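Peer 1: Once you've had a glance at the structure underneath, I'll fire off some questions.
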Amino acid sequence: MAKITMREAISQALWEEMERDEKVFILGEEVGVWGGTYAVTKGFYDHFGEKRVKDTPIAEAAIMGAAIGSAMTGLRPVAEMMTINFAFSAFDHIVNEAAKLHYMFGGQFRVPLVVRAPGGGGRQLGATHSQTPDAIFAHFPGLKVVAPGTPEDAKGLLKSAIRSDDPVLFIEHATLYQVRGEVPEGDYTTPIGISKVQRPGKHVTLITYSKMLELSTKAADQLAQEGIEVEIVDLRSLRPLDMGPVIDSFKKTNRAVIVEEGWQSFGVGAEVAARIYEEAFDYADAPVKRVAQKEVPLPYNRTLEQMALPQVTDIVKAVKEVL
Amino acid sequence: MNKEQYLSIYYQMVLIRRLEEEAAQLYQQGKIGGFLHLYIGQEAVSTGLISARKPQDRVITAYRDHGVAINVGIPAKLVVAELLGKSTGMSKGKGGSMHMADVEKNFWGGHAVVGAHLPIAAGLALGDQYAGTDGVTVCMFGDGATNIGYFHEAVNLSKVWKLPVVWVCENNQYGMGTSVERASAVSEIRRKADGYNIPNELVNGMDVMEVHQAAERVLEQVRGGGGPYFLEITTYRFRGHSMGDPERYREQEEVKCWEKEDPIGIYRDHLIFQQKIGETELADLERKVMAEIKEAVEFAESSPEPAPEALYENIYVDETVGG
């Protein structure tokens, strides 16, 4: 096991898949000569050349359309949205084309593409550049949505996404790129649509994913000092959503807190809570709690921004409330 | 072209006309649901273009797609079956009028969101460029599509990347009920291609021979690595935008005036007077068309509805847990 950053994990997955399969190529804004806005594709242009590392105009619909069309011909494009906020400019192509073409034409078309999109708040980028709209994309059948929280999962899930014959939205968190973690040596994949218990515990089930896994782990460390053992289930994929480990854990702890960075209304927490009640109502010893972003556009001011984002203290408080 | 090819073009144009007339009746009988956009009046555009393409050339179009389906060689019975939503239809009854396609015949749909298929067409062309094959993508769209951002993103990208694509604007004078003059700052639509330094020309879309010859020449130019080309093909739809069109935006005199330019009549005269083909031979073909339509309707009406299981089929290629 090597300890590498999330950025290195994603970069390695891309590099290894491009070495493995000629059909895999990258396109997006500043992915080539610049080396990637978040330096994920640094060195790719020099090694793979401009045919396989394609700089595009700032035109997200064209990027997505080019990815969809080329995927339909059998290529495996990895399209980068500079941030997930810009994916709204290609929303139609992601949810209305990529997600539907296989179904709508009776299985004739395949769209084996990946959209990489970093998102999340906490960097004082203001309301339009700081969003966590994961739930919106997860709403659409036909699209797969994954959002890893560790370097190991990021590398394994990105490889699965590239090898998948379906369109996959791969959501990265811009403040996780420097986070380090153990990653297995050699080629491995992590299946899409499988949740994972990242930390065993017996008192409360904490369901989360992506950046909030980091905060939830810190909260669990604090709670452990008070003798509260939190079990953390990392969803890793939002669609398909694997509720198995969540329900298993809930039946053991009888209490659940869901932590997400996006807004609470109509969010991931709402979906997971509803499914817990539908599938394991009789096991509940307390109402399910949700920790999420305050219902405001994220402000620029650092203090205000942090007030709006979920904090470790919010998670600790929520866990104590369900106990 | 030999005589057989001349007659094949005539057969296709008449087949489209009669198919659309039949579809209008089936719609009025309540057998076709949703929207129905007829190609009556525009037959020469698609027929001229597609009769000039080579098998490796891809075709993609908007929602007025029945004509293209016939021209690429899909039997009328499969088109009618799709219109009736039957399991034997092109898209297994899941696509309907606006979503015909046949990958085997290099027909990539039938796309219902105005302009959204243009970036996808760029991607199809990228597929051929990437693979080093000599296929050209023919992308058809209406005049209305040239006012949406997708058009500009896709056309710009095609020039920047020198993609093998022929952009074909079927200018039928109206985007739904809004005339070109009321919707486009430039009423000579081909001039928009000048903005992207793409060679362009105007073609009379009521004359199938003129369309065919232009397409043949332009396809070879693009195939030779000349980058994208833009054709504005002038045409007119004799029927409303869709079956629910009150037609308040145009005078009947205008429609009658265009009907004198009926593309089938013009081509019929060409065959009789220029190609010296006898009227009895044409009448034989017309009877064959009627027989194919009759058979198509019988086939479609007697075809089974999709099985209930089909509801969940083809959402993903790789089915995974959850959902």
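Line by line, the protein sequences are chains A and B. Each residue of the first sequence is one higher than the last, beginning at 950 in the numbering used here. Each residue of the second sequence is one higher than the last, beginning at 1233 in the numbering used here. Using N, Cα and C, we set each Cβ at its ideal position, and we do this for glycine too. No experiment lies behind these values; they were computed from the predicted model shown.
Taking only beta-carbon atoms, is B:Val1335 less than 7 Å away from chain A?
Peer 2: yes
Peer 1: At least one CB of chain A closer than 7 Å to the CB of B:Ile1430: is that the case?
Peer 2: no
Peer 1: Between the alpha carbons of A:Glu1210 and A:Ala1016, how many angstroms are there, rounded?
Peer 2: 28 Å
Peer 1: Assign B:Ile1306 to one of three DSSP states: helix, strand, or coil.
Peer 2: coil
Peer 1: To which residues of the same chain is A:Arg1001 closer than 6 Å at the C-beta, ignoring the five residues directly before and after it?
Peer 2: Phe974.
Peer 1: Determine the chain B residues that contact A:Pro1006 at a beta-carbon separation under 9 Å, and present them in chain order.
Peer 2: Glu1385, Asn1388, Leu1389 and Val1392
Peer 1: Could you check which residue in A:Gly1071, A:His1078, A:Ala1233 and A:Tyr1126 has the C-alpha nearest to that of A:Lys1200?
Peer 2: A:Ala1233
Peer 1: Span of the alpha helix (DSSP H) holding A:Ile1111?
Peer 2: Unbroken alpha helix (DSSP H) run through A:Ile1111: Pro1100 to Arg1112.
Peer 1: Within the continuous alpha helix (DSSP H) that includes A:Thr986, where are the two ends?
Peer 2: Here A:Thr986 belongs to no alpha helix (DSSP H), and DSSP marks it neither H nor E.
Peer 1: Is it the case that the Cβ atoms of A:Ala962 and A:Lys1104 are separated by a distance below 7 Å?
Peer 2: Contact check for A:Ala962 against A:Lys1104 passes: the beta carbons are separated by less than 7 Å.
Peer 1: Comparing C-alpha positions only, which one of A:Leu1164, A:Glu1228 and A:Lys972 sits nearest to A:Ala1241?
Peer 2: A:Leu1164
Peer 1: Would DSSP call B:Met1330 helix, strand or coil?
Peer 2: coil
Peer 1: If you follow the beta strand (DSSP E) that A:Lys1003 is in, where does it begin and where does it stop?
Peer 2: Start and end: Val1002 to Asp1004.
Peer 1: Between B:Leu1358 and chain A, is there a C-beta pair that is closer than 7 Å?
Peer 2: yes
Peer 1: Contact between the segment 1443-1459 of chain B and the segment 1365-1375 of chain B: three or more CB pairs below 8 Å?
Peer 2: Counting Cβ pairs under 8 Å, three or more are found: they touch.
Peer 1: Can you list the residues of chain A that B:Leu1503 reaches, using a CB-CB cut of under 8 Å?
Peer 2: Close partners of B:Leu1503 in chain A (Cβ separation under 8 Å) are lacking, with about 35 Å as the shortest Cβ gap.
Peer 1: Going along the chain, which unbroken runs of the beta strand (DSSP E) with 3 or more residues stay wholly within the segment 1032-1104 of chain A?
Peer 2: You should have 1063-1068 and 1093-1095.
Peer 1: Pick helix, strand or coil for B:Gly1555, following the three-state DSSP scheme.
Peer 2: Any reading at B:Gly1555 needs caution, since the residue's pLDDT is 40, under 50, leaving its predicted position unreliable; the model's value is listed next. Judged by DSSP in its simplified three-state form, B:Gly1555 adopts coil rather than helix or strand.
Peer 1: What runs of the beta strand (DSSP E), each 3 residues or longer, lie entirely inside the segment 1171-1231 of chain A?
Peer 2: Runs of the beta strand (DSSP E) inside the segment 1171-1231 of chain A: 1179-1183, 1186-1188 and 1205-1212.
Peer 1: Relative to the alpha-carbon of A:Arg956, which residue among A:Gly977, A:Tyr1052, A:Gly984 and A:His1152 has its alpha-carbon at the smallest distance?
Peer 2: Ranked by how close their Cα comes to the Cα of A:Arg956, the residues A:Gly977, A:Tyr1052, A:Gly984 and A:His1152 have A:Gly984 in first place.
Peer 1: For chain A, check one thing: does any of its Cβ atoms lie closer than 7 Å to the Cβ of B:Val1549?
Peer 2: yes
Peer 1: Can you find a heavy atom of the ligand ZN that lies under 6 Å from the Cβ of A:Val973?
Peer 2: Within the structure as shown, the ligand ZN is missing, as the structure has no ligands at all.
Peer 1: Starting from the C-beta of B:Leu1389, find all residues in its chain whose C-beta is less than 6 Å away, skip the five residues before and the five after it, and write them out in chain order.
Peer 2: Taken in chain order, the residues that qualify are Ala1354.
Peer 1: Helix, strand or coil for B:Arg1482? Go by DSSP, reduced to three states.
Peer 2: Coil at B:Arg1482, not helix or strand.
Peer 1: Counting only beta-carbon atoms, is A:Arg1059 nearer than 7 Å to chain B?
Peer 2: yes
Peer 1: Might you give, ordered along the chain, the residues of its own chain that have their beta carbon closer than 8 Å to the beta carbon of B:Ile1509, omitting 5 neighbours on each side?
Peer 2: Lys1235, Tyr1238, Leu1239 and Leu1503
Peer 1: Within the same chain, show all residues whose beta-carbon is closer than 7 Å to that of A:Trp1212, passing over the 5 residues directly before and after it, in chain order.
Peer 2: Taken in chain order, the residues that qualify are Ala1241, Gln1242 and Glu1244.
Peer 1: Assuming contact is defined by CB atoms lying nearer than 7 Å, are A:Gly1018 and B:Leu1356 in contact in what I supplied?
Peer 2: yes
Peer 1: Does any residue of chain A bring its CB to less than 7 Å from the CB of B:Lys1419?
Peer 2: Note on identity: in this sequence residue 1419 of chain B is Ser, with Lys being the wrong assignment. Answer no: the Cβ-Cβ gap between B:Ser1419 and chain A never drops below 7 Å.
Peer 1: Which residues, taken in chain order from the segment 1042-1056 of chain A, show a beta carbon closer than 8 Å to some beta carbon of chain B?
Peer 2: His1042, Asn1045, Glu1046, Leu1050, His1051, Tyr1052, Met1053, Phe1054, Gly1055 and Gly1056
Peer 1: Give the secondary structure of A:Arg1148 by DSSP, where H, G and I count as helix, E and B as strand, and everything else as coil.
Peer 2: strand
Peer 1: Do B:Val1443 and B:Val1454 have their C-beta atoms within less than 7 Å of each other?
Peer 2: Taking 7 Å as the Cβ cut-off, B:Val1443 and B:Val1454 do not qualify as a contacting pair.
Peer 1: Can you give the Cα-Cα distance for B:Glu1486 and B:Arg1469, rounded to whole angstroms?
Peer 2: 11 Å
Peer 1: Check whether the segment 1111-1126 of chain A touches the segment 1164-1178 of chain A, taking contact to mean three or more Cβ pairs, one atom from each stretch, closer than 8 Å.
Peer 2: no
Peer 1: Tell me whether B:His1349 sits in a helix, a strand or coil according to DSSP, three-state version.
Peer 2: helix
Peer 1: How would you list, in chain order, the residues of chain B whose beta-carbon sits under 8 Å from the beta-carbon of A:Lys1000?
Peer 2: Going along chain B in sequence order, the residues near A:Lys1000 (Cβ under 8 Å) are Tyr1362.
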